[in-house]
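Q:
2 protein chains.
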Amino acid sequence: MRFLSFAHGMMPIMAPQFGHIDGHPVGTSYVSRARLHGAGLHSQLRAGISGTAGEGADAIVLSAGGYSDDEDYGDIIIYTGHGGRDSESKRQVRDQNLADRGNAALARNELEGLYVRVIRGADKGSQYAPNTGYRYDGLYRVESHSAKIGIDGFLVWQFRLEKLIDSEVLAEQDAVVELPEDNKIGSSPVTTSVIQRIVRSSAVVRQVKDWYAHCCQVCGKTIEVNGGFYSEGAHIQALGRPHYGPDVVENVLCLCPNDHVRFDVGAIYLSEDLQVINGLNGEVSGPLRVHDDHRIGLGYVAQHRDRWTKGTAQTRRRPDWRP
Amino acid sequence: MRFLSFAHGMMPIMAPQFGHIDGHPVGTSYVSRARLHGAGLHSQLRAGISGTAGEGADAIVLSAGGYSDDEDYGDIIIYTGHGGRDSESKRQVRDQNLADRGNAALARNELEGLYVRVIRGADKGSQYAPNTGYRYDGLYRVESHSAKIGIDGFLVWQFRLEKLIDSEVLAEQDAVVELPEDNKIGSSPVTTSVIQRIVRSSAVVRQVKDWYAHCCQVCGKTIEVNGGFYSEGAHIQALGRPHYGPDVVENVLCLCPNDHVRFDVGAIYLSEDLQVINGLNGEVSGPLRVHDDHRIGLGYVAQHRDRWTKGTAQTRRRPDWRP
Numbered sequence: 002m003r004f005l006s007f008a009h010g011m012m013p014i015m016a017p018q019f020g021h022i023d024g025h026p027v028g029t030s031y032v033s034r035a036r037l038h039g040a041g042l043h044s045q046l047r048a049g050i051s052g053t054a055g056e057g058a059d060a061i062v063l064s065a066g067g068y069s070d071d072e073d074y075g076d077i078i079i080y081t082g083h084g085g086r087d088s089e090s091k092r093q094v095r096d097q098n099l100a101d102r103g104n105a106a107l108a109r110n111e112l113e114g115l116y117v118r119v120i121r122g123a124d125k126g127s128q129y130a131p132n133t134g135y136r137y138d139g140l141y142r143v144e145s146h147s148a149k150i151g152i153d154g155f156l157v158w159q160f161r162l163e164k165l166i167d168s169e170v171l172a173e174q175d176a177v178v179e180l181p182e183d184n185k186i187g188s189s190p191v192t193t194s195v196i197q198r199i200v201r202s203s204a205v206v207r208q209v210k211d212w213y214a215h216c217c218q219v220c221g222k223t224i225e226v227n228g229g230f231y232s233e234g235a236h237i238q239a240l241g242r243p244h245y246g247p248d249v250v251e252n253v254l255c256l257c258p259n260d261h262v263r264f265d266v267g268a269i270y271l272s273e274d275l276q277v278i279n280g281l282n283g284e285v286s287g288p289l290r291v292h293d294d295h296r297i298g299l300g301y302v303a304q305h306r307d308r309w310t311k312g313t314a315q316t317r318r319r320p321d322w323r324p
Numbered sequence: 002m003r004f005l006s007f008a009h010g011m012m013p014i015m016a017p018q019f020g021h022i023d024g025h026p027v028g029t030s031y032v033s034r035a036r037l038h039g040a041g042l043h044s045q046l047r048a049g050i051s052g053t054a055g056e057g058a059d060a061i062v063l064s065a066g067g068y069s070d071d072e073d074y075g076d077i078i079i080y081t082g083h084g085g086r087d088s089e090s091k092r093q094v095r096d097q098n099l100a101d102r103g104n105a106a107l108a109r110n111e112l113e114g115l116y117v118r119v120i121r122g123a124d125k126g127s128q129y130a131p132n133t134g135y136r137y138d139g140l141y142r143v144e145s146h147s148a149k150i151g152i153d154g155f156l157v158w159q160f161r162l163e164k165l166i167d168s169e170v171l172a173e174q175d176a177v178v179e180l181p182e183d184n185k186i187g188s189s190p191v192t193t194s195v196i197q198r199i200v201r202s203s204a205v206v207r208q209v210k211d212w213y214a215h216c217c218q219v220c221g222k223t224i225e226v227n228g229g230f231y232s233e234g235a236h237i238q239a240l241g242r243p244h245y246g247p248d249v250v251e252n253v254l255c256l257c258p259n260d261h262v263r264f265d266v267g268a269i270y271l272s273e274d275l276q277v278i279n280g281l282n283g284e285v286s287g288p289l290r291v292h293d294d295h296r297i298g299l300g301y302v303a304q305h306r307d308r309w310t311k312g313t314a315q316t317r318r319r320p321d322w323r324p
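Just so you know, the protein sequences line up as chains U and G, in that order. Numbering of the first sequence is given in the numbering used here, commencing with residue 2 and proceeding in unit increments. Numbering of the second sequence is given in the numbering used here, commencing with residue 2 and proceeding in unit increments.
Printed below as a string of structure tokens:
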């Protein structure tokens, strides 16, 4: 367990530990928040959201004492962010802020495709809640978030959580996420147009983004969004068929979506000395920004460059092309 | 059938007609290129690639007289682009150019997620070819492209085509595409990180992109890639759960990937008079660029804006949140 800080009183803020916790399978019950905390399932003793703005939320608690705008449909949960509540009356007395720690953490989960542990506390009003204590109910994806005027008349932020289907819950936490079914239903099921960013950041990608604080290594821009910044981890030698690049920091760049598109189709590539080359005219457009700790694999760089200029060993070898 | 031009001799260049052609199911045979052409399956009488650089390729022919670097594995085809060949010897005598009509057209298919009809001509060297004449073998996705030094020692461009699985071949051509399986295999199957752009441009999205020539309506930038330009169709009121926006031109913007991300998470939204508002501080960052023919639905704009500022009617109605 890694400790980020002891600044908040006696309570250390732990770095988020994503995914299932060994020895605590889905369905396990706990008598108290202290037990949940002791088990490593949730880093907070009172707050509903466990996690940090920069790294994401690893766990949330739904409970009867929670926010009146929460909606629990079992596999779908509309979870209200925190803040703006009077501690006595438990009513909203001012607008919530998406930049607050827990809210920003859940927004970060959505941006990075991180899963959150859902823990339900006893709630007589909910058919999905346990009768007493707390129960770990598995991993959910943060699908989207929206603002709304809550029951008490103030703005609240709500996060739509969707339980992972079994095939997504692999033993390894950094597994590939399935395409959400969203666009197969709804009012435009047939003549639909889809550009979906399926984001599932591995620890490797998160490390690279962390070095650059989401600043694009090509253009130097940082895209600011509610809840933080946005960047994409771009594999130099592509993952999957037919290139089979590895998911290691030496093979990952931190790019903005625009430069990610350009890099993936060879509109930019890198020279041996890590200059950014315009693939359309061969001109040098400037140096790649490289963090001191980030060693970039020149073999991966060469494979990507060759792919767009003269072919790679792999594309010449027939078996690699086969399904 | 729409005619673009009669400039190329007697042969009109027809606008691409994507998808299956009525009355010509998969498996239908044709005795000649003229018959293929007459059936509307392929717009060219000699060239292998049918289509235009700007709109994409609607059909290709694989044949024994084709390029020696082609590889046919049935459901997977490595198809060589055109150009650079001596018309007598059929050998490559110079490098191919990705900007040439047919090559740029296939690259466009990849960018827009357009399917291409594959027609195989008789070829004794291929187990997948018909014995005589030509056969329509169905729709393929252009998965990726790469350069390589071909058998004759010059640069060729190759396109990896993958046959659609049955569930993708819906009656309607503008159906949702499945997530490619690429990232489930390979050398990094587990700790992988995925950002996949699942692109499947509907006719609606193509119309909007056409108005703006891929120029972003927010920042005014155009992303140049090999084979043309790249932009994304962004639905104002989101498709799918829980927003159920329609796929109509009034609900689509032409954006660069960076502004698409920002728009989708509310980091930018639009005012009633179509000013771009920075969602983080509420400041006006400038007017949205709007083409004279593009009527933007202010109801969709209001739904998107409300989603990030005060909640929408839909997000307040519980049934819409349900799975």
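Where is the CB? At the ideal position from N, CA and C, for every residue including glycine. Computed from a predicted model, the values in this text were never measured in an experiment.
Which whole-angstrom value describes the C-beta separation of U:G280 and U:N252, a residue pair presumed to lie in contact below a C-beta threshold of 8 Å?
A: As a first step, residue 280 of chain U must be located in the first sequence, where it is residue number 279. As a first step, residue 252 of chain U must be located in the first sequence, where it is residue number 251. The Cβ separation is near 19 Å, so there is no contact.
Q: Got a sec? Which residues, its chain only, sit under 8 Å from U:G246 by beta carbon, not counting five neighbours each side?
A: Position 245 of the first sequence, counted from the first residue, corresponds to residue 246 of chain U. Sequence-distant Cβ neighbours of U:G246 in its own chain, meaning closer than 8 Å and more than five residues away, are H236, I237, Q238, A239, L240, N252, Y301 and Q304.
Q: Please report the distance separating the alpha-carbon of U:P325 from that of U:A48.
A: Because residue 325 of chain U is not part of the residues shown, which for chain U are 2 to 324, the question remains open.
Q: My understanding is that G:Y137 touches G:G28, with C-beta atoms under 8 Å, so please give their C-beta distance in whole angstroms.
A: For this step, residue 137 of chain G is matched to residue 136 along the second sequence. For this step, residue 28 of chain G is matched to residue 27 along the second sequence. Taking C-beta atoms under 8 Å as the contact rule, G:Y137 and G:G28 qualify, at a distance of about 7 Å.
Q: Taking the C-alpha atoms as reference points, what is the distance between U:G154 and U:Q93?
A: As a first step, residue 154 of chain U must be located in the first sequence, where it is residue number 153. As a first step, residue 93 of chain U must be located in the first sequence, where it is residue number 92. Cα to Cα, U:G154 sits roughly 8 Å from U:Q93.
Q: Can you tell which of U:L112, U:P288 and U:A54 has the C-alpha that lies nearest to the C-alpha of G:R263?
A: Here residue 263 of chain G refers to the residue found at position 262 when the second sequence is read from its first residue. Minimum Cα distance to G:R263 is reached at U:L112.
Q: Taking C-beta to C-beta, are U:A342 and U:G114 nearer than 8 Å?
A: Past the edges of chain U, shown from 2 to 324, lies residue 342 of chain U, and the structure says nothing about it.
Q: Around the C-beta of G:R142, are 16 or more other C-beta atoms found within 10 angstroms, so that it is buried, or is it exposed?
A: Locating residue 142 of chain G in the second sequence gives position 141, where the first residue counts as 1. That one is buried.
Q: Any idea if U:P26 is buried or exposed, counting beta-carbon neighbours within 10 angstroms, 16 or more meaning buried?
A: The count along the first sequence starts at 1 and reaches residue 26 of chain U at position 25. Exposed is the call here.
Q: Shorter than 8 Å from the beta carbon of G:P17 to some beta carbon of chain U?
A: Counting from one through the second sequence, the residue named residue 17 of chain G turns up at place 16. Not an interface residue.
Q: On the DSSP letters alone, give me the boundaries of the alpha helix (DSSP H) that G:Q304 sits inside.
A: Residue numbering aside, residue 304 of chain G sits at position 303 when the second sequence is read from its first letter. L299 to T310 is the extent of the alpha helix (DSSP H) around G:Q304.
Q: Is the Cβ-Cβ distance between G:P226 and U:V266 less than 8 Å?
A: In the second sequence, counting from the first residue as 1, residue 226 of chain G sits at position 225. In the first sequence, counting from the first residue as 1, residue 266 of chain U sits at position 265. Here the sequence assigns Val to residue 226 of chain G, which means Pro is not the residue at that position. A contact, by the Cβ cut-off of 8 Å.
Q: Which residues in chain G sit within 8 Å of U:R308, going by Cβ to Cβ distance?
A: Position 307 of the first sequence, counting from 1, holds the residue named residue 308 of chain U. The answer, in chain order, is S147 and A148.
Q: U:R263 touches chain G at which residues, Cβ-Cβ below 7 Å?
A: The residue given as residue 263 of chain U occupies position 262 in the first sequence. Going along chain G in sequence order, the residues near U:R263 (Cβ under 7 Å) are I224 and V226.
Q: Helix, strand or coil, according to DSSP, for G:Y116 in the structure here?
A: By one-based count along the second sequence, residue 116 of chain G stands at place 115. The answer is strand: DSSP assigns G:Y116 an E or B state.
Q: Roughly how many angstroms lie between the CA atoms of U:V250 and U:R290, to the nearest whole one?
A: By one-based count along the first sequence, residue 250 of chain U stands at place 249. By one-based count along the first sequence, residue 290 of chain U stands at place 289. If I take the Cα positions, the gap works out to 15 Å.
Q: Taking DSSP as the reference, what is the three-state secondary structure of G:G66?
A: Position 65 of the second sequence holds residue 66 of chain G. Residue state, collapsed to three classes: coil.
Q: Give me the DSSP bridge partner(s) of G:A148.
A: Position 147 of the second sequence holds residue 148 of chain G. Paired residues: G:W158.
Q: What does G:C257 touch in chain U if you count any residue whose Cβ is under 7 Å from its own?
A: Position 256 of the second sequence, counting from 1, holds the residue named residue 257 of chain G. By Cβ distance, chain U contributes N259.
Q: Could one say the Cβ of G:G20 lies closer than 8 Å to chain U's Cβ atoms, at least one of them?
A: Looking up residue 20 of chain G in the second sequence gives position 19. For G:G20, the answer is no, since every Cβ of chain U falls outside 8 Å of its Cβ.
Q: Any idea if U:A204 is buried or exposed, counting beta-carbon neighbours within 10 angstroms, 16 or more meaning buried?
A: If you number the first sequence from 1, residue 204 of chain U lands on position 203. U:A204 should be labelled exposed.
Q: Starting from the N-terminal side, write out each stretch of the beta strand (DSSP E) that is 3 residues or longer and does not extend beyond the region 12-57 of chain G.
A: 50-53
Q: To the nearest angstrom, how far is it from the Cα of G:N259 to the Cα of G:C216?
A: Along the second sequence, one-based indexing puts residue 259 of chain G at 258. Along the second sequence, one-based indexing puts residue 216 of chain G at 215. For G:N259 and G:C216, the distance between alpha carbons rounds to 13 Å.
Q: Output, in sequence order along the chain, the residues in the region 264-288 of chain G whose CB is closer than 8 Å to any CB in chain U.
A: Within the region 264-288 of chain G, the residues whose Cβ lies closer than 8 Å to some Cβ of chain U are V266, G267, A268, G280 and L281, listed in chain order.
Q: By the 10 Å Cβ neighbour count, where 16 or more other Cβ atoms means buried, how is U:A108 classified, buried or exposed?
A: Stepping through the first sequence from its first residue, residue 108 of chain U is reached at position 107. Looking at its Cβ environment, which holds 16 or more other Cβ atoms inside 10 Å, U:A108 is buried.
Q: Hey, is U:G67's beta-carbon within less than 8 Å of any beta-carbon in chain C?
A: This model lacks chain C altogether; the protein chains it does include are U and G.
Q: Output yes if chain G places a C-beta closer than 8 Å to the C-beta of U:H305; else output no.
A: Start at 1 with the first residue of the first sequence, and residue 305 of chain U comes out as number 304. Taking Cβ atoms only, chain G never reaches closer than 8 Å to U:H305, which makes this a no.
Q: Would you say G:L107 reaches chain U, if we count a Cβ-Cβ gap shorter than 8 Å as a contact?
A: Position 106 of the second sequence, counted from the start, is the residue given in the question as residue 107 of chain G. Judged by the 8 Å Cβ criterion, G:L107 is not in contact with chain U.
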